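Those sequence lines, one after another, are chains C and U. Mapped onto our numbering, the consecutive letters of the first sequence carry residue numbers 1 to 217. Mapped onto our numbering, the consecutive letters of the second sequence carry residue numbers 218 to 434. In what follows, a single structure is set out as C-alpha cells and then discussed.
2 protein chains.
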Amino acid sequence: MDIAVLGTGSAGRTIAARLAELGHHVTIGTRDPEETAAREDFGEWAPSAPDVTLGTFEDAAAAAELIFLVTNGGAALDVLDLAGAGNVAGKVLVDVSNPLDFSRGFPPTLFVKDEDSLAERVQRAHPDARVVKSLSTMNASVMVRPADLGESTSVFVSGNDADAKAAVSALLESFGHDDVIDLGDITTARGAEMYLPLWLRLMGGLGTASFNIKVVR
Amino acid sequence: MDIAVLGTGSAGRTIAARLAELGHHVTIGTRDPEETAAREDFGEWAPSAPDVTLGTFEDAAAAAELIFLVTNGGAALDVLDLAGAGNVAGKVLVDVSNPLDFSRGFPPTLFVKDEDSLAERVQRAHPDARVVKSLSTMNASVMVRPADLGESTSVFVSGNDADAKAAVSALLESFGHDDVIDLGDITTARGAEMYLPLWLRLMGGLGTASFNIKVVR
Numbered sequence: 001m002d003i004a005v006l007g008t009g010s011a012g013r014t015i016a017a018r019l020a021e022l023g024h025h026v027t028i029g030t031r032d033p034e035e036t037a038a039r040e041d042f043g044e045w046a047p048s049a050p051d052v053t054l055g056t057f058e059d060a061a062a063a064a065e066l067i068f069l070v071t072n073g074g075a076a077l078d079v080l081d082l083a084g085a086g087n088v089a090g091k092v093l094v095d096v097s098n099p100l101d102f103s104r105g106f107p108p109t110l111f112v113k114d115e116d117s118l119a120e121r122v123q124r125a126h127p128d129a130r131v132v133k134s135l136s137t138m139n140a141s142v143m144v145r146p147a148d149l150g151e152s153t154s155v156f157v158s159g160n161d162a163d164a165k166a167a168v169s170a171l172l173e174s175f176g177h178d179d180v181i182d183l184g185d186i187t188t189a190r191g192a193e194m195y196l197p198l199w200l201r202l203m204g205g206l207g208t209a210s211f212n213i214k215v216v217r
Numbered sequence: 218m219d220i221a222v223l224g225t226g227s228a229g230r231t232i233a234a235r236l237a238e239l240g241h242h243v244t245i246g247t248r249d250p251e252e253t254a255a256r257e258d259f260g261e262w263a264p265s266a267p268d269v270t271l272g273t274f275e276d277a278a279a280a281a282e283l284i285f286l287v288t289n290g291g292a293a294l295d296v297l298d299l300a301g302a303g304n305v306a307g308k309v310l311v312d313v314s315n316p317l318d319f320s321r322g323f324p325p326t327l328f329v330k331d332e333d334s335l336a337e338r339v340q341r342a343h344p345d346a347r348v349v350k351s352l353s354t355m356n357a358s359v360m361v362r363p364a365d366l367g368e369s370t371s372v373f374v375s376g377n378d379a380d381a382k383a384a385v386s387a388l389l390e391s392f393g394h395d396d397v398i399d400l401g402d403i404t405t406a407r408g409a410e411m412y413l414p415l416w417l418r419l420m421g422g423l424g425t426a427s428f429n430i431k432v433v434r
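This is how it looks when you write it as C-alpha cells:
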C-alpha cells in the first residue's frame with residue numbers, strides 16, 4: 001500500500017520503518033525535506049530504512065492511500081493544512097498524535113480533553129477524511145512490535161467509518177497486535193487521549209516506557 | 218481492623234461486605250442511618266452482610282483506624298465535612314471516588330482534571346489525613362474480587378505517605394490484587410482519575426463492566 005507518515009520524530013520514523021519492512025511503499029512527509037535530511041537524528045536513522053522516501057507533507061499525502069499523522073499534537077492541524085485538504089479527503093487518516101501541552105513543564109497537561117479531543121478537531125477540519133484514532137496509547141516501539149512485550153496487549157480504534165477502522169485494524173494486526181478493541185465513533189478518542197496522563201505516571205512509576213495495557217475481561 | 222466505609226451505594230456496600238468477610242470490623246457511614254436502612258436497595262443487601270454496622274458518617278469515621286471514601290465524587294468533600302476533620306486526621310483515607318459530572322448526560326465528563334484532581338482536593342481539605350487514591354479504576358466487584366477475572370490485573374496507589382500506601386496495598390492484596398503499582402505522590406491521582414473516560418468507552422465497546430487493565434511490562 002502507498003502510505004504517508006506525517007512526522008519525522010522518533011514515532012514517525014519507527015512506524016515508517018516498520019511499514020516498509022512489511023512491504024509497503026512509505027513516504028515520510030515533512031515541512032522541509034532538505035532540512036530534515038540534514039538533521040542529525042534523521043541522518044543517523046535514514047540508512048536503516050533505505051526504502052523509505054522523504055518528501056514534503058503535500059507530496060507524501062498526495063501519493064498515499066492511507067496517512068499516518070504522527071506529529072506532536074500542537075502541530076497536527078497545521079501539518080494537515082500543509083498536506084492539503086484535497087490530498088487528505090477520502091483517505092484513511094490514522095491519528096496517532098496526542099494533545100500534550102508542555103508549557104507548564106513535565107508531566108504535560110492536555111490542551112483539549114473531556115468534551116472534545118484532538119481526533120475530533122482533525123475530523124472536523126477534514127470532514128471528508130476517514131479519521132481513525134489509534135496507537136497513541138503506547139510507546140513507538142510497542143506500537144509496531146507489541147509482541148516484544150512477551151504477552152498480548154490491547155490497542156484501540158475510534159472512528160466514524162467502519163471500513164476505515166477495519167483497514168487500520170488489519171495494519172495493526174500486521175504489526176503483531178492481536179487485541180484490537182473498537183471503542184466506537186470518533187468521540188471515543190476522548191477516552192484514548194485522556195489515558196495519556198496515566199500512561200505518563202506509569203512511565204514514572206515503572207521507570208520504563210516499554211509497557212502497554214491489556215484489557216482483561 | 219476498624220474500618221469505615223463512607224458511602225452506601227453499590228461500591229460502598231461491596232467493599233464493606235468484602236472487608237467484613239475478611240474479618241474486619243466495618244461500619245458503613247451515611248448521612249441519615251434511618252433513611253438509609255429504609256432504602257430498598259440497602260434493605261435488600263443488608264441481610265447478606267450481617268456483621269456490617271450502619272452509622273452516621275461521624276460515628277463511622279470516629280471509630281475507624283482506616284476510612285474508605287466511596288461516595289460519588291461531587292459529594293466527597295461534603296461527606297468528609299460531615300465525618301468531621303478531627304475524625305479523619307491522622308488516618309489512612311482511601312479515596313475511591315471519581316470526579317464524574319453527569320450534568321451533560323452520558324458519558325459523564327470530569328469536574329476536576331489535568332492540573333488538579335479530586336484526591337488532591339481531599340488531601341488539601343484534610344492536610345492531616347493520609348490520603349491514598351486507589352481502586353477507582355475498576356468496577357466494584359472487580360475491586361474486591363479481581364481474581365474472578367481469571368488473570369492478574371493491575372491496581373494503582375497514589376499518595377504522599379509511604380506507610381499509608383503500604384497499609385492500603387496490604388488490604389488490596391487481601392482482596393486478591395497481586396499487581397499493586399505505586400504511581401507516586403498524590404498528584405499522580407490525576408492519571409488514575411483521567412483514565413475513567415477510557416474506562417467508560419471500554420465499558421461501551423465491550424458491553425460489560427467486568428474488566429480491568431493489566432500493565433504488561
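Ideal Cβ placement from N, Cα and C applies to all residues, glycine included. Values in this document were obtained by computation on a predicted structure and should not be read as measured data.
Distance between residue j and residue i (C-alpha atoms, nearest Å)
i, j, result
"U:Ala279", "C:Ser141", "51 Å"
"U:Ser227", "U:Asp219", "21 Å"
"U:Pro325", "C:Pro47", "48 Å"
"U:Leu283", "C:Leu171", "49 Å"
"U:Asp395", "U:Val311", "18 Å"
"U:Ser375", "U:Ser334", "11 Å"
"C:Arg18", "C:Thr30", "18 Å"
"C:Asp148", "U:Phe428", "24 Å"
"C:Lys113", "C:Ile186", "13 Å"
"C:Asn87", "C:Thr53", "18 Å"
"U:Thr225", "U:Thr253", "8 Å"
"U:Arg256", "U:Arg230", "13 Å"
"C:Ala83", "C:Ala4", "10 Å"
"U:Gly272", "U:Asp298", "16 Å"
"C:Gln123", "U:Ala293", "37 Å"
"U:Asp399", "C:Asp59", "47 Å"
"U:Gly422", "C:Gly43", "42 Å"
"C:Ser169", "C:Val180", "7 Å"
"U:Asp258", "U:Val348", "29 Å"
"C:Val92", "C:Ala129", "6 Å"
"U:Trp416", "C:Glu34", "44 Å"
"U:Asp249", "C:Ala125", "52 Å"
"U:Phe373", "U:Met420", "19 Å"
"U:Pro316", "U:Val296", "14 Å"
"U:Thr405", "C:Ser152", "26 Å"
"C:Ala162", "C:Gly176", "21 Å"
"U:Pro414", "C:Ser97", "18 Å"
"C:Met143", "C:Leu135", "6 Å"
"U:Phe323", "C:Trp45", "46 Å"
"U:Glu332", "C:Glu193", "16 Å"
"C:Gly218", "C:Asn160", "No answer is possible for residue 218 of chain C: the residues shown for chain C start at 1 and end at 217."
Contacts that residue i makes with chain C (C-beta to C-beta distance below 7 Å)
i, result
"U:Asn429", "Val216"
"U:Asp312", "By Cβ distance, chain C contributes nothing, its closest Cβ being about 16 Å from U:Asp312, past 7 Å."
"U:Arg407", "Pro197"
"U:Thr425", "Arg217"
Those residues which DSSP pairs with residue i across a bridge
i, result
"C:Lys214", "U:Lys431"
"C:Ser141", "Note: C:Ser141 sits in no beta bridge, so no partner."
"C:Thr109", "C:Asp101"
"C:Gly150", "Answer is none; C:Gly150 lacks a bridge partner."
"C:Val2", "Reading off the sequence shown, one finds Asp at residue 2 of chain C, where the question assumed Val. BP columns for C:Asp2 point to C:His25."
"C:Asp95", "C:Leu69, C:Lys133"
"C:Gly159", "C:Val132"
Listed by chain order, chain U residues near residue i by CB distance under 9 Å
i, result
"C:Leu183", "Leu415, Arg418, Leu419, Gly421, Gly422"
"C:Leu110", "Lys330, Asp331, Met411"
Neighbour list for residue i in chain C, Cβ cutoff strictly below 9 Å
i, result
"U:Leu317", "The premise fails here: U:Leu317 is roughly 11 Å from chain C at the closest Cβ pair, so nothing lies under 9 Å."
Partners in chain U for residue i, counting only beta-carbon separations shorter than 7 Å
i, result
"C:Thr153", "Val433"
Exposure label - residue i; buried when at least 16 CB within 10 Å
i, result
"C:Pro23", "It is Gly, not Pro, that sits at residue 23 of chain C in the sequence shown. C:Gly23 is exposed by the Cβ-count criterion."
"U:Arg407", "buried"
"C:Pro127", "exposed"
"U:Thr354", "buried"
"C:Gly73", "buried"
"U:Thr425", "exposed"
"C:Pro50", "exposed"
"U:Phe285", "buried"
"U:Arg321", "exposed"
"U:Gly367", "exposed"
"U:Ala306", "exposed"
"C:Glu173", "exposed"
"C:Glu120", "buried"
"C:Phe57", "buried"
Where residue i meets chain U, residues with beta-carbon distance less than 8 Å
i, result
"C:Leu149", "Val433, Arg434"
Legend entry - Sequence ranges, beta strand (DSSP E) only - wholly within the stretch 227 to 301 of chain U, length at least 3: The beta strand (DSSP E) runs of length 3 or more contained entirely in the stretch 227 to 301 of chain U are, from start to end of the chain, 242 to 247, 270 to 273, 283 to 286.
Inset, instruction - With a floor of 3 residues, list each beta strand (DSSP E) that falls wholly inside the stretch 168 to 210 of chain C, ordered by position along the chain. - result: Runs of the beta strand (DSSP E) inside the stretch 168 to 210 of chain C: 180 to 184.
Legend entry - Ordered list of beta strand (DSSP E) runs contained in the stretch 115 to 139 of chain C, each at least 3 residues: Listed in chain order, the complete beta strand (DSSP E) runs (minimum 3 residues) inside the stretch 115 to 139 of chain C are 130 to 134.
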